[in-house]
Each structure stands twice: as structure tokens, then as C-alpha cells.
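Numbering (my numbering), first residue to last: 2 to 245.
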């Protein structure tokens with residue numbers, strides 16, 4: 002450990018180099034490998050949103066900020082899984098612009114990677130929507146789980162276009178900050194713990210994660226469309242709570 006670095010962490014210059022190398026690797030690896038890892042990332046983010054919904058169902062009596070904080074901490078599982086397991090998530094893959102800025106990849110490589118990852122994330126999320134519907138999880142807590150999904154998805158659909166774009170940029174900023182900071186860590190625990198607060202911050206603040214919405218909004222549509230076929234899910238006068 003150098004005298005000018007009292008912490009056993011990478012310094013900012015070294016973190017930038019790691020980000021550059023990661024960008025080159027992501028942009029140049031085989032497209033099918035990227036696609037499969039992107040599907041995996043879609044599943045991971047969906048798992049995190051399931052955790053969020055489960056943890057925040059029944060929290061209407063809690064102070065607003067506390068319920069949001071609990072949900073945000075739970076949702077951080079998604080990014081932790083993506084980073085530790087090497088999955089390709091669109092909102093963190095945008096960091097390959099660092100490799101482009103260094104002149105090590107082309108605009109074509111960057112665009113193809115982004116499109117590949119985005120489509121893969123969507124497929125992963127939709128596959129998990131199907132799995133969650135088949136599991137009947139929406140009936141958990143006497144249908145409260147499904148109500149939470151519907152209310153959360155409905156809240157997201159009421160943003161204006163400008164609001165949605167701005168909230169998406171803010172969420173993407175926090176994801177990129179979380180991943181960038183993870184580059185400073187040397188151990189698995191370093192990387193995992195350092196990502197929790199940035200993710201919890203954007204979830205608690207109501208920012209919009211584009212890939213998470215690929216799960217949440219279709220899940221809400223499925224429940225709203227097919228609820229008549231399921232017994233016991235009462236959607237009359239749902240509690241007026243927006244949890245994300």
C-alpha cells in the first residue's frame with residue numbers, strides 16, 4: 002500500500018483505466034455472448050424488483066422515506082448480481098463511452114453493443130414476467146403483492162415524456178456512479194457494499210430505471226389484463242401509495 006493511498010482501494014486514475022479496459026472488453030467480445038449475458042442481466046434486475054415489491058408490500062403505514070429506503074436497498078441486489086456475475090446491463094454498459102473517448106473502440110462497436118444489450122435485457126425481463134405470472138406470486142399477501150405492482154406500474158405511466166427522460170437520465174447517472182465506484186474495490190465485499198447507497202438513492206428518490214421498467218410495467222399489464230381469471234385478487238379501491 003502506497004503512502005499516498007491510505008486505503009486499500011484503487012485511486013481515481015486507476016479506476017478510469019479499469020473502466021476503459023472494461024469498455025473495450027464489452028465492445029469487442031462475441032455478440033452472442035453479450036446477448037446471453039444481457040438476457041441474464043434482465044433476469045437479475047427483475048429479481049431485484051421482485052425483492053423490492055415483496056419488501057414494500059404492506060408498508061403503507063410506514064413513513065414515506067423509510068418505505069422507499071427499504072425498497073431501494075433491496076433493489077440494489079440487481080446491480081450487485083450484474084457486476085459480480087458479469088452480466089451486461091444497459092444502464093451500466095453505457096460506460097463503454099470511456100473506451101470510445103480513449104479511441105479504443107469505434108462508434109459502430111459502441112452502437113451495436115448498446116442495441117444488443119438493450120434487446121437482451123428486454124427479453125430477460127419479459128421471460129421473468131412470464132415466470133412470475135406462472136408462479137402465482139401476485140397473490141402473495143392476499144393479493145397485496147399484485148396491488149403493489151399495479152400501483153407502482155400505474156405511477157410510472159403518469160410521467161410526461163420530459164419527466165420520464167429526465168428521471169431516466171438521473172437513474173442512469175446513479176447506476177454509472179455505482180459501477181464506477183465498484184472499480185475501486187479489490188474484494189467482492191468492497192464492490193457489493195459500495196453499490197448499495199447509489200442504487201438506494203435513485204430508487205428512494207423515484208428515478209426511473211429503464212431496464213427495471215421492462216419488468217415492472219409488463220408485469221402490471223399482465224396482472225391487470227389477466228386478473229379476472231385469478232381468484233381472490235381484489236383491485237377495488239387500492240391504497241393510494243406510490244412506492245417508486
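Beta carbons: idealized from backbone N, C-alpha and C, even for Gly.
Here's the rule: buried if 16 or more other CB atoms are within 10 angstroms of the residue's CB, otherwise exposed. What is residue 214? In the chain shown, residue 214 corresponds to position 213, counting from 1. So residue 214 ends up on the buried side.
Leaving out the 5 sequence neighbours to the left and right, which residues in its chain are closer than 8 Å to residue 98 when beta-carbon positions are compared? In the chain shown, counting from the first residue as 1, residue 98 sits at position 97. So the list reads 24, 111, once near-sequence residues are dropped.
When DSSP labels each residue in this structure, what does residue 64 get in the three-state scheme? To locate residue 64, count along the chain shown from 1; it is residue 63. Correct three-state label for residue 64: coil.
Would you check if the distance between the CB atom of residue 45 and the CB atom of residue 121 is smaller than 8 Å? For the purposes of this step, residue 45 is taken as residue 44 along the chain shown, with counting starting at 1. For the purposes of this step, residue 121 is taken as residue 120 along the chain shown, with counting starting at 1. For residue 45 and residue 121, no; Cβs fall outside 8 Å.
With DSSP as the reference, label residue 111 as helix, strand or coil. For the purposes of this step, residue 111 is taken as residue 110 along the chain shown, with counting starting at 1. Of the three classes helix, strand and coil, the one that applies to residue 111 here is helix, per DSSP.
Can the beta-carbon of residue 166 be found closer than 8 Å to that of residue 221? On the chain shown, residue 166 is found 165 positions in, with the first residue counted as 1. On the chain shown, residue 221 is found 220 positions in, with the first residue counted as 1. No, these two residues do not count as a Cβ contact at 8 Å.
Expressed to the nearest angstrom, what Euclidean distance is found between the alpha-carbon atoms of residue 10 and residue 81? Counting from 1 along the chain shown, the entry for residue 10 is found at position 9. Counting from 1 along the chain shown, the entry for residue 81 is found at position 80. For residue 10 and residue 81, the distance between alpha carbons rounds to 18 Å.
For residue 27, the three-state DSSP class (helix, strand or coil): As a working mapping, residue 27 is identified with position 26 in the chain shown. Three-state DSSP puts residue 27 in a helix.
Please go through the same chain and pick out, in chain order, the residues whose beta-carbon is closer than 7 Å to the beta-carbon of residue 193, but skip the five residues on each side of it. Here residue 193 refers to the residue found at position 192 of the chain shown. The residues are 81, 85.
Does DSSP classify residue 228 as helix, strand or coil? Within the chain shown, numbered from 1, the residue matching residue 228 stands at position 227. Helix at residue 228.
For the alpha helix (DSSP H) containing residue 142, name the first residue and the last one. The residue you call residue 142 lines up with position 141 of the chain shown. Element bounds for residue 142: n/a, residue is neither H nor E.
Option nearest residue 173 by Cα separation, candidates 58, 16, 90: Numbered from its first residue, the chain shown carries residue 173 at position 172. If we check each option's Cα against that of residue 173, 90 comes out closest.
Can you give me the Cβ contacts of residue 185 inside the same chain, cut-off strictly under 6 Å, excluding the 5 residues immediately before and after it? As a position in the chain shown, residue 185 is number 184, starting the count at 1. Contacts found: 10, 11, 16.
Spatial distance of residue 40 from residue 123 (CA atoms): Residue numbering aside, residue 40 sits at position 39 when the chain shown is read from its first letter. Residue numbering aside, residue 123 sits at position 122 when the chain shown is read from its first letter. So the alpha carbons of these two residues sit roughly 7 Å apart.
Classify residue 47 as buried or exposed, calling it buried when 16 or more other Cβ atoms lie within 10 Å of its own Cβ. Within the chain shown, residue 47 is the residue found at index 46, counting from 1. With 16 or more Cβ atoms within 10 Å of its Cβ, residue 47 is classed as buried.
Identify whether residue 11 lies in helix, strand or coil by the three-state DSSP scheme. Within the chain shown, numbered from 1, the residue matching residue 11 stands at position 10. The three-state reading of DSSP puts residue 11 in coil, since its state is none of H, G, I, E or B.
Give the DSSP-derived three-state secondary structure of residue 209 in the structure shown. The residue given as residue 209 occupies position 208 in the chain shown. DSSP places residue 209 in coil when its eight states are reduced to three.
What number of angstroms, rounded off, separates the C-alpha of residue 78 from the C-alpha of residue 102? For the purposes of this step, residue 78 is taken as residue 77 along the chain shown, with counting starting at 1. For the purposes of this step, residue 102 is taken as residue 101 along the chain shown, with counting starting at 1. When rounded, the distance between both Cα atoms is 30 Å.
If you compare alpha carbons, which of 162, 227, 217, 211 is closest to residue 93? Here residue 93 refers to the residue found at position 92 when the chain shown is read from its first residue. Out of 162, 227, 217, 211, 211 has the C-alpha closest to the C-alpha of residue 93.
Neighbour-count burial assignment, residue 62, 16 or more Cβ in a 10 Å radius: Start at 1 with the first residue of the chain shown, and residue 62 comes out as number 61. Residue 62 should be labelled exposed.
What's the gap between the Cα of residue 154 and the Cα of residue 73? Taking the first residue of the chain shown as 1, we reach residue 154 at position 153. Taking the first residue of the chain shown as 1, we reach residue 73 at position 72. Rounded to the nearest angstrom, the two C-alpha atoms are 16 Å apart.
Using three-state DSSP, classify residue 17 as helix, strand or coil. Counting from one through the chain shown, the residue named residue 17 turns up at place 16. In this structure, residue 17 counts as helix in the three-state DSSP scheme.
Terminal residues of the alpha helix (DSSP H) in which residue 169 lies: Here the question's residue 169 lines up with position 168 in the chain shown. Residue 169 -> alpha helix (DSSP H) spans 162 to 183.
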